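Notes to accompany the following structure.
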Amino acid sequence: MIAIITFLVGLFIGWFWTCRHEANLEKKKEQRKVREEIELRATPDEHLSEVEILKKRYLVARMKEMHESLSQPLVTYRVKNNNQ
Numbered sequence: 064m065i066a067i068i069t070f071l072v073g074l075f076i077g078w079f080w081t082c083r084h085e086a087n088l089e090k091k092k093e094q095r096k097v098r099e100e101i102e103l104r105a106t107p108d109e110h111l112s113e114v115e116i117l118k119k120r121y122l123v124a125r126m127k128e129m130h131e132s133l134s135q136p137l138v139t140y141r142v143k144n145n146n147q
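Residue numbers for the sequence shown, in our numbering: 64 to 147.
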């Protein structure tokens, strides 16, 4: 009986640690992605390859679109989408 309880407690602790570790890895991955995007946007075009320039243009366009959608009033945005 003690062995079963010990096994289940150990299993629970291992599962909890694994989930927490996975969450930390995902968080670090997202932070690294954001940091790379910021560095890419801050780098002058002369120092970038063609692929990096395309990525930079995409990031700038995505940020511009996000800013425009956030700056619109919510009611106007809903009415605009419902009319389409």
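Backbone N, C-alpha and C define an ideal beta-carbon position, used for all residues, glycine too. Please read these numbers as outputs of a predicted model, since none were measured by experiment.
How far does the alpha helix (DSSP H) with residue i in it extend, from its first residue to its last?
i: L162; result: Only positions 64 to 147 of the chain appear in the structure, and residue 162 is not among them; the question remains open.
i: E93; result: I65 to A105
If contacts are defined as beta-carbon pairs under 8 Å, then residue i and residue j qualify, I think. What distance do you get, rounded to the angstrom?
i: E100; j: L122; result: 6 Å
Compare the C-alpha of residue i against each of the options and name the closest.
i: R107; options: K92, R120 and I76; result: For the record, residue 107 in the displayed sequence is Pro; it is not Arg. For P107, the nearest C-alpha among the options comes from R120.
i: K96; options: G77, E109, K118 and L111; result: K118
i: R104; options: M126, Q135 and A66; result: M126
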